[in-house]
Amino acid sequence: MVVEKAILAIITTKEEQVGGGAPIFICTSNEDLQLFSTNLEAILDGIAHRLSDDVYIIVKH
Amino acid sequence: MGIESYLQAILFGVVAGTLARLITLRSDYRQYPTYLHGRIIHLSLGFIAASLGALAIPALLEMEFTAVTFLTVAATQFRDVRNMERNTLTELDQFELVPRGSTYIEGIAISFEGRNYLVMFAAFLTTLAYITWGWFPSTVVGVLTIVAALSFMSGSALRDIVEIEESDISYDGAGLYVDNIYIMNIGIEERQEETLKYGMGFILKPKNINVITTISNLGQQQAILHDVSATLGVYKDSGTPALTPLIKRDLDDGRLGVFILPLVRDPELAKKVIGSVPVLENAIKMPTEATFLKGGKK
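Those sequence lines, one after another, are chains A and B. When we follow the working numbering, the leftmost residue of the first sequence carries the number 1, and every step to the right adds one. When we follow the working numbering, the leftmost residue of the second sequence carries the number 1001, and every step to the right adds one.
Right, here's the structure in full:
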């Protein structure tokens, strides 16, 4: 089986909402959340998707 | 008939065939060959095809029936042409910002093979006409076959099967929408602003039930994206996967929502480009032609 999509990173301000295998970045403010997501998107070559206002994931498509 | 008139007949055939190939060999914004060497390869293959077609009639007249078997060699040869085109284009496709997709590539490869057969046919008929009627009717037949070849090569375009309308793009939370069709989730505000600034949305409305199936083909959709990006440019780079032109389908009525990021932001021009995207042979489906629906034999 070929996995086409993968979650490369999870960025959140609500630690209790996330978990699992991908690297998790915990931010303290919304600005931090945006900054981390923007940087990680560029670095990882993935797309930053917003699951809720507090949880972003970087997905490789 | 003497050997000299055969020579002339063959010459007529070969010239007609090679001309047909020259005329049907188009290089435009989307089509390989764009290069001098690509053209030379195809002209040479066209010449070989024309020679094979032209030789068939004199060989038959001289009772050299076994000579006709070389036509099978020709068939193998042209299948190789298709393979060659497919391989080259597939290799090149990896480095396109917006790839053609394999359906489009297959369509191009098929037409390369098909045009060689047209060339052979043109040469065959021209030689036959020369031997039966003489040089003048042969010229007429040569011109007619070239015209026929041209009409065979032009398939229909998207504007024949869909209505194209410009549409607003908007965000609902992180979801990007063209009209009411969901395209993708873009999380970062900055990217959202970029897509709103540089993006354009279009809605393709199918004109009938057959068209719905045809435009739902992912290869056809990729072909639209490729052609638009190749013609109007694309606001995208290798490190920005969030900026990707996409097409999604409205499952309720089969409409397509086209989201593009052109460098040339002219809606009328974009409509024109989308309209002239070829309808890929491999994508065409005709559900209404099914005989069991028409009440005919199964």
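For every residue, glycine included, the Cβ atom is placed at its ideal position computed from N, Cα and C.
Asked: Beta-carbon gap between G1155(B) and V1277(B) smaller than 8 Å; Found: no
Asked: Listed by chain order, chain B residues near T38(A) by CB distance under 7 Å; Found: I1188 and E1190
Asked: Pick from I1188(B), G1107(B) and G1142(B) that is closest to L35(A), judged by C-alpha positions; Found: I1188(B)
Asked: Length of the line joining the Cα atoms of P1267(B) and A1056(B); Found: 53 Å
Asked: L1196(B) versus F1047(B): straight-line alpha-carbon distance, rounded; Found: 52 Å
Asked: A42(A) at chain B interface by Cβ criterion, 8 Å; Found: yes
Asked: Cα-Cα separation, K1298(B) to R1079(B); Found: Confidence at K1298(B) is low in this model, with a pLDDT of 48, below 50, so the placement of that residue should be treated as unreliable; the coordinate-derived value is given next. Approximately 33 Å between the Cα atoms of the pair.
Asked: Cα-Cα separation between T1066(B) and A1122(B), rounded to whole angstroms; Found: 22 Å
Asked: Cross-chain neighbours of Q34(A) in chain B, by beta carbon under 7 Å; Found: I1188 and E1189
Asked: Helix, strand or coil at N1087(B) according to DSSP, with G and I counted as helix; Found: helix
Asked: DSSP beta-bridge partners of A48(A); Found: I58(A)
Asked: Counterpart residues of M1153(B) in DSSP-defined beta bridges; Found: The partner list for M1153(B) (beta bridge, DSSP) is empty, contrary to what the question assumes.
Asked: Spatially closest choice to P1058(B) from V1147(B), G1017(B) and Y1006(B), by CA coordinates; Found: Y1006(B)
Asked: Which of helix, strand or coil DSSP assigns to G1175(B); Found: strand
Asked: Minimum Cβ-Cβ distance from G1239(B) to chain A less than 8 Å; Found: yes
Asked: Segment limits, alpha helix (DSSP H) that includes V1365(B); Found: Since the first residue shown for chain B is 1001 and the last is 1298, residue 1365(B) is missing from the structure and cannot be characterised.
Asked: Contact with chain A by K1298(B), beta-carbon distance below 8 Å; Found: For K1298(B), the predicted model reports a pLDDT of 48, less than 50, meaning its position is unreliable and no value from the coordinates is stated.
Asked: C-beta neighbour in chain B for D54(A), strict 8 Å; Found: no
Asked: CA-to-CA distance, D53(A) to I1023(B), given in whole angstroms; Found: 59 Å
Asked: Three-pair Cβ contact test at 8 Å for the stretch 1213-1221 of chain B versus the stretch 1102-1114 of chain B; Found: yes
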